[in-house]
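Residue 79 is where the sequence shown starts when you use this note's numbering, and the numbers rise one by one after that. Shown next, in structure tokens, is the structure this report addresses.
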Amino acid sequence: MSAIFNFCAGPAMLPPAVMQKAQKELLNWNDQGVSVMEVSHRSKEFIALTEQAEADLRQLMEIPSHYHVLFMHGGGRGQFSAVVNNFLGNDGNALYLVDGSWSQAAVEEAEKLAGKDNIDTLELVSNIDGLNHVSLPDLSKIDKDYRYVHYCPNETVDGIEIFESINSPWPVIADMSSNILSRKIDVSQFGLIYAGAQKNIGPSGLSIVIVRDDMLALPTLPQSSIMDYRLAVKNDSMYNTPPTFAWYLAAEVFSWLKSVGGVAEMEKLNIEKAKRLYHCIDELDFYVSGVAKENRSRMNVTFQLTNAELDSQFLEEAKAAGLVALKGHRSVGGMRASIYNAMPLEGVDTLIEFMKAFAAKHS
Ligand code: PMP
């Protein structure tokens, strides 16, 4: 079979080198004669794996020592509820910035748990001449006290990314599910960062939480123990049995990232991949992007065919050419090429060649 390039938004492709290593050692991990799936999470070997994973992630993201790194259950949405339950107590307010579908989904979960009166929202996106632009509000002008401000720097469905930092008088919580490890960020600007694993880290279900120590002093309410950050810290993310296979793969992805030059190298590659693909979209009248240049996501490149009647043919021919999972999210239509860390430049170039040939054929 010739090469397949998988542009799925998540669960997304993982680095082939990681998958090959996992395949090789699936039945015999660490010379133990059993799979990593079959060993105790409290075994000396597995604990060593978790320690290495944390050390690698700390190095990759330059995480300061007053931040805890947690490996939790429940993916991205699990954290939508966890942040509310961990930080709002019974009288706290929070501000949610909305720049697309996932930040809106986080609002809905927060309103359900904390009540609408305790959740304020600010819409960041305005559509000017058919292009979605993000503008960041001056939060220092708001005369209200919030426990935190929540936002999503990369909106996976809408293809919108916020590159500027959020200046806020309150701790900033960021849902980095779809752009963690894709570019350098200054962790010290955040109260908490979380990410569902299934894009840049590993299999779905696992989520990574990076939380500043002082956040854990905020009032909390009785809540599900497995989503309680304080219990997770106290028990080294092993209050209950963790998703061990996902943790193992995450550890392998971190190790691979280090071997290819870390986040700085990844960022360079991601800039190049996105630049080439958006250039192709802009260059050909056949395709159009609905996002303003400064807010175009480097991870999720959304675009439309100017003739939407050709959508299904585009997808069919792309699939036949080995380019799969390019269909846009059902809520927005069009196309979406998710080009996370594991997608090689070659995959993007192959897609561009296909897009050019398709446009030439159908123009
Ligand atoms: N936040 C973002 C930015 C996402 O892209 C996703 C999933 N695509 C989620 C949250 C939800 O993640 P999960 O399905 O793991 O709950």
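Heads up, the beta-carbon is just placed ideally off N, CA and C, and yes, glycines get one too. Because the structure is a prediction, the values reported are computed rather than measured.
Item	Value
Could you tell me which of Lys397, Leu299, Ser416 and His440 sits nearest to Phe165, measuring between CA atoms?	Leu299
Figure out for me which residue from Ile125, Gly170, Pro215 and Ala438 has the closest Cα to the Cα of Pro297.	Gly170
Considering only the beta carbon of each residue, do Asn257 and Glu242 sit closer than 8 angstroms?	no
Relative to the alpha-carbon of Glu140, which residue among Lys336, Gly411 and Asn168 has its alpha-carbon at the smallest distance?	Lys336
Cβ of Met433 within 8 angstroms of Cβ of Gln382?	no
Suppose contacts are defined by Cβ-Cβ distances below 8 angstroms. Is Ala352 in contact with Leu284 by that definition?	no
Could you pull out every residue in the same chain whose Cβ sits closer than 8 angstroms to the Cβ of Asp360, ignoring the five residues on either side in sequence?	Ser367
Alpha carbon to alpha carbon, how far is Gly237 from Thr128? Give it in angstroms, no decimals.	33 angstroms
Please give me, in chain order, every unbroken run of the alpha helix (DSSP H) with length at least 4 that falls completely inside the region 119–160.	122–139
Can you list the beta strand (DSSP E) stretches of 3 or more residues lying completely in the region 283–351, in chain order?	284–290
Could you check whether the Cβ of Trp180 sits closer than 7 angstroms to any heavy atom belonging to ligand 1?	yes
Note down the Cα distance separating Asp177 from Ser121, rounded to an integer number of angstroms.	43 angstroms
If I'm right that Leu270 touches Arg290 with Cβ under 8 angstroms, what's the distance once you round it to whole angstroms?	7 angstroms
Identify, in the order they occur along the chain, each residue of the same chain with its Cβ nearer than 7 angstroms to the Cβ of Ala95, setting aside the five sequence neighbours on each side.	Trp334
Locate the beta strand (DSSP E) running through Leu175, then write down its first and last residues.	Ala172 to Val176
Can Leu173 and Tyr224 be called in contact, C-beta distance under 8 angstroms?	yes
For Asn245 and Gly400, what's the separation of their Cα atoms in angstroms?	43 angstroms
With distances taken Cα to Cα, identify the nearest neighbour of Arg354 among Asn106, Ser302, Trp107 and Arg374.	Arg374
If you check the beta carbons only, do Pro320 and Phe158 fall under 8 angstroms apart?	no
If you draw a straight line from the C-alpha of Tyr145 to the C-alpha of Gly425, how long is it?	36 angstroms
Of all the options Lys397, Asp389 and Val341, which has the alpha carbon lying nearest to the alpha carbon of Tyr418?	Val341
Per DSSP, which one or two residues make a beta bridge with Asn278?	For Asn278, which the question treats as bridged, DSSP gives no partner whatsoever.
What is the DSSP secondary structure of Asp195, reduced to helix, strand or coil?	helix
Taking the alpha helix (DSSP H) that Ser390 belongs to, which residues open and close that run?	Asp389 to Ala398
Distance, Cα to Cα, Ser218 vs Val265?	21 angstroms
What are the partner residues of Tyr226, as DSSP defines its beta bridges?	Ala172
Whole angstroms are fine: how far does the CA of Ala370 sit from the CA of Leu209?	5 angstroms
Taking DSSP's pairing of strands, which residues face Ser204 in a bridge?	His211
Residues in the same chain with beta-carbon distance under 6 angstroms from Val114, minus the five sequence neighbours each way, listed in chain order, please.	Trp107 and Tyr326
Quick check: what's the CA-CA separation for Ala160 versus Lys397?	39 angstroms
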